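Here the sequence shown stands for residues 673 to 952, where the numbers follow the numbering used here. A virtual CB, placed ideally from N, CA and C, is assigned to each residue, including glycine. All values derive from a computational prediction rather than experimental measurement. Down below is the structure, laid out as structure tokens.
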Amino acid sequence: PPPEREVWVVADSQQAYHALGWLHARGRRARLVSAPPPDADPTARYRLWEPNGWLVEVFAASALTPSPSAEKFITAPLLEVPPASRGEPSAGVANPASRGEPRGGAVPPAGRGNQRRGSLSQSPHALDLGCGSGREAVYLAAQGWQVVAVDRLPEALQRGRDLQRRYAPDSPPIQWVCADLEKSDWQPDGAFDGILLFYFYARELIRRACAWLKPGGALLVEAFTETHRARFGKPAADRRVADAGELPRLLPDGMRVVAYSEGWRTSGRHTARLWAIREL
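Listed below in structure tokens is the structure:
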């Protein structure tokens, strides 16, 4: 589960106490309870993970047919950054897909993208770079996308496989790729409608990834900022932290910024978010 969520350990055994201690040692809020909440459905299929909230909102914001939870983003004006000012983002540029972070809710099915709004398009192929344990990859697959997910840690990829098997067994199979994206010349086969880099900030990789997009394809990047590191002391490595206003300046020619924002999120993180498309 996301780090800001409290975990309930439902059991009364030695193993449960070990689990509680393990969670506390890793800074997680957790409590031991003897039974699930009284209003919980014992036959329900619980989802103990959530995809990046901003990804869910981008789906909603770019849908042709809005769901009830997405309507406020559809009707809100989308402030676009003209190409001439791509390298100098204004402090007033707002990102309609960063106004809060809803958890779950109705999400439009894949294939209802609106190219004019810089959406994830109608031919859904996605590339998740630095996918970790695969939350976003599995979410996209559950929406019907064909997904290639890349990470350098085999154990993270195995968690992703397990997650898809448990939560989205009938979704298109994800192609899990073990590769060090910063120390190899790995590149994908084909082009993509959407490329994600969430909390894996690699400047040169962002530039390379733009060339892997189809015309009209969307690039979504979320990264920790210097403000976040000043508060929490991490990420420790400079290469993993975005400087103020830096993300749009990394884009090569032919990319257009749809929305960019920096700020504190409801998750308690200070991040930079970039939504850009490859021009037709």
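The alpha helix (DSSP H) that contains residue i, what's its start and end?
i, result
"Leu692", "686-697"
"Glu934", "Where Glu934 is concerned, there is no enclosing alpha helix (DSSP H), although the beta strand (DSSP E) it sits in stretches over 927-936."
"Arg950", "No alpha helix (DSSP H) holds Arg950; the beta strand (DSSP E) holding it covers 942-950."
"Gly866", "Per DSSP, Gly866 belongs to no alpha helix (DSSP H); it is in the beta strand (DSSP E), 864-870."
"Trp726", "725-733"
"Arg903", "898-904"
Return the Cβ separation of residue i and residue j in integer angstroms, given the expectation that the two are a contact with Cβ distance under 8 Å.
i, j, result
"Trp884", "Phe870", "Between Phe870 and Trp884 the Cβ distance is about 16 Å, and since that is not below 8 Å, they are no contact."
"Asp800", "Ala821", "4 Å"
"Val810", "Ala840", "6 Å"
Secondary structure at residue i, three-state DSSP: helix, strand or coil?
i, result
"Tyr826", "Correcting the residue type first, residue 826 is Pro in the shown sequence and not Tyr. Pro826: helix per DSSP, three-state reduction."
"Val913", "coil"
"Leu885", "strand"
"Trp817", "coil"
"Val682", "strand"
"Asp800", "strand"
"Leu751", "Note that Leu751 has pLDDT 30, beneath the 50 cutoff, so the model's placement of it is unreliable and the number below is only indicative. Here Leu751 sits in coil by DSSP."
"Glu894", "strand"
"Gln836", "helix"
Is residue j closer than 8 Å to residue i when the C-beta atoms are compared?
i, j, result
"Arg700", "Pro675", "yes"
"Trp721", "Arg807", "yes"
"Leu952", "Gly888", "yes"
"Leu829", "Val819", "no"
"Asp915", "Glu934", "no"
"Ser942", "Arg912", "The sequence shown places His at residue 942, not Ser. It is not a contact, given that the beta carbons lie outside the stated cut-off."
"Leu695", "Val679", "yes"
"Gly641", "Arg950", "Outside the displayed range of the chain (673 to 952) lies residue 641, so it cannot be described from this structure."
Start and end of the beta strand (DSSP E) containing residue i?
i, result
"Leu704", "702-705"
Worksheet item: Counting Cβ pairs, one atom from each stretch, are 3 or more of them under 8 Å apart for the region 921-941 and the region 891-902?
Response: The region 921-941 is in contact with the region 891-902.
Discussion item. Below 8 Å, how does it come out for the region 874-882 and the region 841-851: are there three or more Cβ pairs, yes or no?
Written reply: The region 874-882 is not in contact with the region 841-851.
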